[in-house]
Each structure stands twice: as C-alpha cells, then as structure tokens.
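Taken in order, the sequence shown gives residues 1 to 1120; the numbers are from full-length UniProt numbering. Here a beta-carbon is modelled for each residue, glycine too, at the ideal position from N, C-alpha and C. Heads up, the thing below is written out as structure tokens.
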Amino acid sequence: MATHAPSSSSAAPSSVAPSVPASVPGAKAAAKPFFRPCAIMLGGLKGHMFGGKGLGSGSEFSVTLVSPTYTDATSWMGFGMDFPLGTENEKEGFGMCHDVDRHFQFRPQQTDKLRIMVRFPRGKFSRTVSPLDECHFHRFPGSKRGLTVVDVSIEGGAEVEVDGFGLPFANSGHPSQAWLRHPATTAVVSDYTLLDVIQQRSFTFVVDHDPTDVPRSWNPAFYPPPFTLPYGKIHDWNPERYPKQLADNRGPQFLPCWGFDNDDAHLATLTQAQVQDVWPLHEATLKIKKVKLSAYFVDQDNLDSAKVFFIVVPLPDEFQRRFEDAWRRLANGSPLTIDVYGNPEDEDDLLQQLEAKIQDQPKSLKLFRTAHSIKASDLVLVARTERSNEGRQPVKFEMKNRIALTFDAQLHEFERKVNAVCMFHPKAAPTNPLAFGFAPREDLKVEVTVPPELMFRMSLHRDLVRGKGFWNTMRGALNHDENPSASLEQLSIAGCDAPHVPSPLPTVNLLDIKDRAYVDALMQEVLVDDRERFERYLTNRPLGLGIITGAPGFGKTTALALATLGMAASLGNVYGTAPTHVATDNFAARLDAVTCRVTDRYNQDRDESSRARRKLIIRVYKELDEYHALCELLKDSHKGDEAAPSDSWRRPTRWKLGLSMAFWALVCLRSPGVRELHDDDSTALHKIQDQVDKNEKFGPLRDLATGNVLWEEFLGDKSKLKGDIVELFHSLISATDIICTPPALAHYYDQLTFWRDSKAQGIAVDEAGNMVRQDLYSIWGNTLLPCVLAGDDQQLAPVVSTLIDNADGNCVNRFGEDAQISPLAWFKGTQWPIYRLHTQLRMAIGQFEICHREVYKDLPYKYGECSVVALPGHSNGRALESYINAKYPDITPAPAGTLRPIFLNCQDSFCQIDRTTKSKRNFDQVKVALDFICDFIQTAKIDPAQMVIITPYKANVETIARLRKKPKYAALSSIQPAATVDSFQGQEGDIAIIIMGTNKKVGPGFTTDERRLNVMLSRQKSGLVVVGDINVTGLMSKGKNRCKGKGKGKGNEKPSAPPKIVVVGVDGQLSYARVTMLQNIHDWFCEQGRVIDIAVKDKDTDKEVEGKGKRKREVEDEAE
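Below you can see the structure in the form of structure tokens.
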C-alpha cells in the first residue's frame, strides 16, 4: 500500500475533521472523514480504561477513533493516541516538536503532543457497532453526542500498522515518558504495556458519537480502493523508461506527502520529483536542437578576444509559442552550444561549434542601438569558438548562416539525485562499506551478507526518512528482547557489536569527549542562558540526528559549527556541506573561525604536551580549478581570489582562496601570500609541511611559492609540476578533519568520494532548509551516520521548475510540492525534536520586527547584548537614522533606543522586462538607490564597504554594475558587487540596500515569495533601506502616519484581498503566489510613517506607454 498525502499522524484534533481540497482529483467519492473521541476498554466494557479524556473519564490522554479519507492516498480506519509533551522540554534540552497542519498550507507547526496512529489492516478486520448500555454511562460523564461501542477483531495473521511509534519523547515526571520509552516493559494500565494495547487481536472502543451514525460513518464498505502511485516498483535512473511512463500518467499535482507507508512510495515520490522536474525540459532541448534558425554574426572589437562575437537570431513567433515554457528556464543560464551550418539543405554541412550564452537586455548595449538595429523578439548571443573547431572553416562576420541551439539540461545532476534516493531501497548495499570493514562499494553485490547490526542501522535509516516512526524495525525485537537497552555506541562504525534493538531509540553523544575542559571551551561560544540546554541536546541525540533552527541573525551557523567540532572531537572526520557555494564558503569560514577561538581558549596557560590542535578544515573545489588557481598564485602570490580560473566563460568558477586546497598548499609551501602555519594548527598539517620541506621533488614548487624563482624563469618540467601539485592536494584531503563542499562535488571528485565513504564518521549540513532531500541522501548515505542539520525552513526553499498546472489541467511536475520539502522541513514535520535559537544576535533593536511580525510569530525571542543601538557596532545604523531625519524631516523617527527600516518609494519608475530571459531591470530605482547611498556616505562620512546591495533580478545586478562605473559613483567603489537574493543568503552587512526592481505596471513578480522576502529583509545589521514601488500590489492607503519626501503620493483604499498570481522565478520556474506578505510589509512602512516618496521624473514629459518611447531611450542611454 503506497501513500502519497500527509501522514495520518498529522490529522486534525479529535474535534475537527480534516478537509481535503475539492480541487484535487483522486479516487472516487468516499465516506466523510471521521474523528471522534473514544476510550479503549482493555478486557471488555468492564475492564480497564485507557484514554477517554474527551469523554470526561479523568484521564490525561485522549484516544480518537479515526477514518481519514484522502483523494490521492489510501484511506484507512484505526485509532489515534495523543501523549502530552513536557512543557519544559525546550529548556531541558529535548527540543521543540512540530506537526504538519493540513489547514496551514501543509507547513510544520508547533505541537504540544506526540500522536501515535494505529491503522487496522485493510480488508482484514471486522467490526461490530452497538449502543452503550446505560449502566456504563457513569464512567463517561463528558459525553456530548451519545455513546457507542465499537468492537474490532483482527483476522488471521494480519497485524496493525503504527505511525509515530518509537519517536523521541520527553515529559519529565510524567508516567507517559516511561510508557513511550519502554513500551514493552512499562505498564500503562494494570498489567498492560503500551505494546499490549497496540497489539491486541480484539479491541473495544467506547466512542462519543451517535450510535445510529457510527455504522455508516466508520464503515470500510464506503472506502475507495487502495491508492498506489502509478510509477511501478523500479525507480533507478532510466531515460528509456521515462517518456512512456510520464505520458501514461499525466494528471494534477499530488498533495505533499509527510509520511510514506513503505519504501516503494518513498522511492517513487522522490525519484519522480526529480525526473518530472527535468524531463519535459530535456525533451524540449532535443526538439529545439532540430530547429534550424537563421542568424548573422556581428564582430565586436572591444571584446576580450577576436574569437568572441555576437550572433543575432530572429526568433519566429511559432518558435516562441512552441517553446515558451521551456525557454523561461533555458534562457536563465543553461549551458548552450551552437552548431553553425553552411548549406541549410545539408544536415552534415556543419561548419563550426560555438560556445555561447544569451545576452540579457541586448538593447542596453550601444552597439545594438546604433550600428545594428534589432527587434524586441531577436535573440542575441555572445559566442566563441570551441577548441574542437581547430582546422575547420572559420566563421565570417556579417555572414548569414543557419544555426541550431543545443542546450544542456544537466541530466547528469538529476541522475545523481535519483540514484541517491535508490540507495534507500531495502536491498541496496551499504554506501560506506570501507568504514565497516567491507570491500569498496563497487565490489559489493546485493547477495553480500550484511551483518545484522548494519542491517539494523540501515532499517532504522529507512524508517527515519519515511517519516512515520519506527514500528516496522522495532516491533519484532521489542516482542522478543527481554532487555531492550542499548545505545548507538553499540552500533557504531567502530564497534559493530551485535544489535539489541533499543527502546527508546539508540542515542549518540555528539560531545563524547573525555576532556571536559575542551567541552567547556566549546560551550563558552554559546550564550550563558543557552549553554545547559544546548549541551543536553547534543549529548543525547536519538539516532545521532540533530536539527538546529532559528530566524536570521540568531547564530545558526555558529551553533552548527560547534556541533560539528563536537562530532569531530568525539566521532572523527566530518563531511560538511550546504546547498550552494556561498553557503558552503560561509560554513567553512565559520568552522575555521570557531576552531581557532575554541583552541586558543583551551590552550591558555597550557604547556606544549597538553595543548589542543585546531581542526583542519578544507573547503574543496574542483581539482582542476584548484590546480589552475594555484598556478596563478605561484606566478603572483598576492592575487588572492583573483587567481580563480579565468576560462570559466559560460559559468564563472566559484573558487575562492580562503581554506581551499590551494590555500593550504601555499601554507605548507611557506608562500608569503598566505598566513604562516600556526603552532596550534593540525599536527597532520605540520607533518605535510615537514615532508614538503625535506622532499627534494617538492623543491621546484617551494622555490616558486616562496618567490625564489619566478614563474617566467622556471625551467623545470611543468607537467611534472602538475603531478606534484595533485599529490600535495591528495595529501591534504587525507589529512583533513572536516571537508566542506556542495553535495555534487563528492560524487564527481574521486578523492572526495573515497574520503566520504571510508573516513567520514558524521555529516553536517548548513542551510538545510534550502537543500533538496536527494542532495542530503547523496552525502549522508544509507547507514545512519550521525548528522546535524541547521537552517531555517522559512527562508529560501528548494527550487522547483513549475508548481502550476498546464492549460489541460495536467501538472508538469506532479510531485512539485514534495520537491519543495527540504530535509530540515521534512524532519521538522515528522515530529523530530528541534533545537531552536531564541536570541537575535546580529540586528540592532527594531530591525527584526517586520520578519517577526510576518514570519516568526510563534517564536519567542529577545535581542542579545550586541543589539543595543548605542554600541559602536551600530554606529552606521545610527548615522543612517540621523541622515534620514535631517534630510526628510517629515519622516517619523525611530523610537528611542531602536533603529527602523525605511522605504524609498520611486514614483512612476520605469521597468524593463527582457523578452528572452523575462528578467526585470529598473534603471530608475537603481539610480535612486545609488544617489541615496552616495549622498548618505558623503554626508555621514561612513565607510561604504560596510554596505551591501541586494536585488531579486539578475538583470538588475548587471544594471547596478554598469551604472556604478560612472565617475559620479566613484565613492561606492569599496562596496562589494550587488548580489541577487539567492546568492546572498547567509551573508550580511551593516546596512542593506534592497532594490526591488518592480513597479505597479509590471507587477510584483517573484518578490511576492515569502521566503525570498524574508531573506531580503534580514541581511542587515543596523540599517535597512528598501527601494521600490509601494503601490506594486495595489494602491496603499495614506494612513495618518504616512510621511512624504519629494513629490506627492496617491492615497486610495488598499485592496481588501490580495490576489493569487502566477510568478516566474529566478531560474524561470513557474509557481502560484499570494501578495499577502508583501502587501503587509508595505502597510507596515505606511503605518509607521517610514515611507519617502521620490519622483523619478516629471510626469508631464513622459506620457508614453512604458517601453515604447522617450523614457526608454533615456534609460538606455544613461545605463550605457
């Protein structure tokens, strides 16, 4: 039986029946959901009562007779039991639990109870219904609807299924804690244990419901057939299977699944979520490649190379209509190659192949406004010849040819993710056999006998990722194990002792460090009020799984760094990862900073023999990028990040010097361009440096690194030099304590794959709310290594290509909602205990209010000591507030002791949408923002390097970069380049300038995305300036506190109900969105009197339709 819908454990409270959206087609009409309070009578009506809280029995526990009905899942009948979680659980270090609310967009919400649902075997039980005899009424004084007796008998050898069994539970001092932690040995009523209650063959319920209605409301005869996902039982990557499979199973989108009944449902959902996200795009690329398009070539003298030129391709209307959906994604950075044909009649007359990329906003270039006129529908490409074209006829400029566009849909990445999911097939081999003393994975066959203790670990891991508890793995052993007590240490990689199935779940101490002083040195990084609960959380992690969450600025990455260093000290090597390069860089840098501080703190007043060593953290990049970067640094040791490989033409390299293999290699080679090796650095690092010093073969490398020999003077064998560099890289990887990379690199870089599968004893994941589960699987493997995740599921979610239906009602990705569930959100929604951070550590008082009001209402928080506005760290924010109050005296000042955001409302700004890429740019808003920054820094005399500029759209980033080159903006040179929201997550600045880029005419676009808004509005430390159109979601009410700057605003009533709109995401993906949060934010600025109206042009000089006249020409000329 396969289920694809929210887990039954997420059902509504006993008094509320969950509704299923009528718009979601599925099985034929079924009985209505049934949820009624009841009591379980053990031994019959005269026996002991369990539960019955809703019937006035005096019990603290509620039991509910249930029969939820689903449209795209198997409906079932059974009962639920709610056990109260301890009110002090967070304070005591257990964590906060969440459940998925069907009525709240299927997002995890806090819960105060653990819910266990028992499902009767479908078609293998019988039930009888009768009124309760009045002589028993006195035991149920709280009944409101009449009392009914329901007797259920399990037939033959059938067994119940249980959801939520074995999940972590805590309620100190309450009897339920012992019941749930020792369900096979602790009595709940008389001599009955919880396991006895669940495994009865005959059940008697007293239900608070009309006896005349129960026979039809709780009746298996009215239920639809079992639901099964229509994708078979074979889920490995197979391009030959997908075309027919997808064509035969078109339909609407499934509801998101928060608990899988079995492995097949789990594998089908997560593999298809990836396949359906890419396959339509892949098929479109094959069709596009077959279309021969007319094109002509334009030379450009001032480009970097004579081999680089423009290609203008008039796109026929039919082509644009046919590939509209795919084009939105392909035009946003997909790798592109062009086949140039001479004779259009001869398919084999291939002249050349060119690397190319799409030129965004080509009319912003003077070349295409003067010398070469183009139409709005023309596609403009920047191309260069590939090395494989040597010897072929060169392209002649101004020559017209026929071309074909070959896009790369990156199928190999989706294959990697699909295969990662298939590692959780019940017959899959262990992913890290070397760590358990087996042969390498490629030598393992399904027939290999896996030891029982490892099979047990893998079974627990499958239960964990299915999200419905651990009944399948634990029930057999609980029935036979007289002493079910073991810790995960007995099942550790090092031990591999025979498994004794524990109850509760086996736990891992992530701070199992013999030296208490080192633990204290770690914990001193934590706020005093949080130290005890954080240490308790890390020392008692069920299955080794820890999850850390918090709002922006609450210290998630630092907390994760501490947990990771704890794992490294207690377990061994740790593999660190994050979904993006930026997040991985941040995590590695934080790890390095924290290990240095902790080691320095520990080593105070210690002699050499007792000193601790810093953990060696390496942020590994592609080996070829590392090699080329190191060569550049051997030429000039002070190049820093500018040593990044320059031949990454279509996709710029992400390489940075800090903590890279090239960096550590230079440290070992004693290069003056990097820091010296510290006495407290890793012992292994000192050994490598000693070997490099003494080994003559590294002599040429040393001479180049130290500057004794210049690169131009080097006469040695440079091919041998490469071998020495690679050998040094491999030595560093072998010596590292913690490796940090994005997930994909561990799959494509053999040295990393070997290190992960043979050495890694733990996994650490930052920004886990932005990662797909398939990426986590690819790093984590299937043998339940200890793992700590950190992130925020209220910030950027995993990207899905489309979340809307086609015109025919069929959805491109039927599992789109599942694809958006990150690992962090998944475990959070399956009632796993979460460690929540409660203190705002970065932002000044007053800067977090918008995010808390709109996103984190249920999070109790306080500002930390560093948030006090008067501190030196917030001087730039104070300067901004003073500047605002002086320049715009009508603005409402921030209350004393606070700093508040400000909104610059650009009235009648001009927004361009590129017809090819659909990206937006708003020159007017960019100019207003840069003028504002210039005036502010010159007036306030602050360092602009502490400011950051963020905008949602890539085209706007390019507009900002071009405009900043003007002499009038020279004062802004020290500000780092503007970034998109997606590329800036996890970073911060003293003052953040947000340029929205949209206006009322073009609509809000994907700035309506609540998670993206949350990220945008939380990058600041002391000041936030939003530049945009306050009326983009509809005309705002003036309000009594609405203040004015230059110009006058419009004041009408705001819309009563924000509409739901279709938006195009940053990578061309489509989704539905509501403007509620964006409009609420605009309301807040108006209500607080923090809006400055700025007229960007005289209305009477530009009355033409946007994008068609004088204003457009002015914008293009100024941008150029």
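Practice task
Put valine 868 into one of helix, strand or coil per three-state DSSP.
Solution key: coil
Problem - 4-residue-minimum alpha helix (DSSP H) runs that sit fully inside the stretch 805 to 866, ordered along the chain - result: 816 to 819, 823 to 829, 849 to 854
Problem - Supposed contact pair glutamate 854 and isoleucine 1081 - C-beta distance, whole angstroms, cut 8 Å - result: 7 Å
Practice task
Thinking aspartate 792 and leucine 560 are a contact (beta carbons under 8 Å), I'd like their distance in whole angstroms, please.
Solution key: Contact doesn't hold; Cβ gap of about 12 Å is too wide.
Handout entry: Nearest-angstrom Cβ-Cβ length linking leucine 796 and arginine 1011, presumed shorter than 8 Å
Key = 5 Å
Exercise for the section: Return the CA-CA distance between glycine 877 and aspartate 112, expressed in angstroms with no decimal places. Expected result: 40 Å
Handout entry: CB of alanine 376 within 7 Å of CB of alanine 326, strictly
Key = no
Problem - C-alpha distance - aspartate 592 paired with isoleucine 40, whole-angstrom precision - result: 56 Å
Exercise for the section: Confirm, please, whether the CB-CB distance from valine 118 to phenylalanine 79 is below 7 Å. Expected result: yes
Problem - Proximity to isoleucine 1094 [Cα-Cα], best of Gln1088, Val1026, Phe368 - result: Val1026
Practice task
In angstroms with no decimal places, state the Cα-to-Cα distance between isoleucine 933 and alanine 371.
Solution key: 35 Å
Problem - Residues that alanine 39 bridges to, as DSSP identifies them - result: Gly51, Val206
Handout entry: Three-state class that DSSP yields for lysine 635 in the structure shown
Key = helix
Exercise for the section: Go ahead and pull the three-state DSSP assignment for glutamate 355. Expected result: strand
Practice task
State buried or exposed for phenylalanine 137, treating a residue as buried only when at least 16 other CB atoms are found within 10 Å of its CB.
Solution key: exposed
Handout entry: Span of the alpha helix (DSSP H), counted from its first residue to its last, around histidine 174
Key = It is not in any alpha helix (DSSP H) - histidine 174 carries neither H nor E in the DSSP assignment.
Exercise for the section: Pull up the distance between the alpha-carbon of tyrosine 861 and that of serine 1018, whole angstroms please. Expected result: 15 Å
Handout entry: Assumed close pair arginine 619, threonine 599 - CB separation to whole angstroms, cut-off 8 Å
Key = Contact doesn't hold; Cβ gap of about 19 Å is too wide.
Practice task
Look at the alpha carbon of serine 14 and the alpha carbon of threonine 539, and state the distance between them as a whole number of angstroms.
Solution key: Summary for serine 14: the model assigns pLDDT 36, below 50, so the residue's position carries little reliability; its value from the coordinates is reported in the next sentence. Rounded to whole angstroms, serine 14 to threonine 539 spans 36 Å at the Cα level.
Handout entry: Reduced DSSP category for leucine 904 - H, G, I as helix; E, B as strand; rest coil
Key = strand
Practice task
Going by CA-CA distance only, name the one from Asn509, Pro256, Gly58, Phe140 that's closest to tyrosine 70.
Solution key: Pro256
Practice task
Taking the CB atoms as reference points, tell me whether tryptophan 179 and leucine 194 lie closer together than 7 Å.
Solution key: yes
Handout entry: Exposed unless 16 or more other CB atoms sit within 10 angstroms - verdict on glycine 846
Key = buried
Handout entry: Cβ pair glycine 762, valine 574 closer than 7 Å
Key = yes
Handout entry: Segment limits, beta strand (DSSP E) that includes proline 700
Key = That residue, proline 700, is in no beta strand (DSSP E); its alpha helix (DSSP H) goes 699 to 706.
Handout entry: Other residues of its chain near isoleucine 850: CB distance less than 7 Å, five sequence neighbours each side excluded
Key = Pro901, Leu1017, Ile1081, Trp1084
Problem - Through-space distance from glycine 986 to threonine 558, alpha-carbon basis - result: 12 Å
Handout entry: Identified DSSP bridge partners for aspartate 717
Key = Note: aspartate 717 sits in no beta bridge, so no partner.
Problem - Through-space distance from lysine 289 to leucine 405, alpha-carbon basis - result: 5 Å
Exercise for the section: Could you pull out every residue in the same chain whose Cβ sits closer than 6 Å to the Cβ of aspartate 236, ignoring the five residues on either side in sequence? Expected result: Cys422
Problem - Straight-line Cα distance separating aspartate 208 from proline 131 - result: 11 Å
Handout entry: contact_flag[the stretch 1000 to 1007, the stretch 972 to 980] where n(CB pairs < 8 Å) is 3 or more
Key = no
Handout entry: DSSP three-state assignment for glutamine 985, whether helix, strand or coil
Key = coil
Problem - Terminal residues of the alpha helix (DSSP H) in which cysteine 1086 lies - result: 1076 to 1087
Exercise for the section: Along the alpha helix (DSSP H) that carries valine 291, what are the first and last residues, could you check? Expected result: Premise fails: valine 291 is in no alpha helix (DSSP H) and is neither H nor E.
Handout entry: Alpha-carbon spacing of lysine 1000 relative to phenylalanine 936, whole angstroms
Key = 27 Å
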